[in-house]
Structure formats: C-alpha cells, structure tokens
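Engineer:
In this note's numbering, the protein residues as written are 1 to 78.
1. Quick one: measure Cβ to Cβ for residue 56 and residue 14, integer angstroms, because I've assumed they're closer than 8 angstroms.
2. Between the alpha carbons of residue 47 and residue 10, how many angstroms are there, rounded?
3. Classify residue 35 as buried or exposed, calling it buried when 16 or more other Cβ atoms lie within 10 Å of its own Cβ.
4. Would you kindly report the start and end of the unbroken alpha helix (DSSP H) that includes residue 42?
5. Bridge partners of residue 21, per DSSP?
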C-alpha cells in the first residue's frame with residue numbers, strides 16, 4: 001500500500017520533470033527525434049503504463065536508440 005503511493009509519487013515527479021523539459025527546453029532545439037511518438041512522450045506513456053522504474057528504463061533505452069544511425073519509425077509503448 002505504501003509502496004504503491006511512493007511509486008505513484010515518484011512517477012508523478014518524473015513526469016513533471018519531463019513536462020518541464022517539453023515546455024521550456026525542447027522548444028529551444030529543432031525537432032530531432034526519429035521515432036513516433038517522440039522520446040519524451042514515449043517515456044511519459046511508459047511511466048504511466050509500467051511505473052517509474054521500468055518505464056524510466058524503457059525511456060532511457062529509447063533515448064539511447066534515438067541517434068543518427070537509427071531508422072526510427074513508429075515505436076509505441078508495449
């Protein structure tokens with residue numbers, strides 16, 4: 001019960017940090033994500049679906065795969 005509340009709070013903090021990035025940092029740079037949905041949206045969806053630990057790890061892995069050598073494309077959260 002307490003673990004669920006802590007996990008929920010941590011997830012909300014992570015999502016809030018991503019939204020701050022989306023609002024204030026991301027507009028300063030040209031769009032460069034090769035995937036749909038973009039990496040920050042993907043990470044939010046992953047955290048909402050899988051929790052902050054697994055969802056955060058999925059988001060980090062996605063960011064590592066998003067590079068000039070990647071084909072990119074449609075990659076939904078599963």
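We put the CB at the ideal spot given by N, CA and C, even for glycine.
For clarity, every value in this text was computed on a predicted model and none was experimentally measured.
Structural biologist: Taking the definition as stated:
1. 6 angstroms
2. 10 angstroms
3. buried
4. 39-50
5. For residue 21, which the question treats as bridged, DSSP gives no partner whatsoever.
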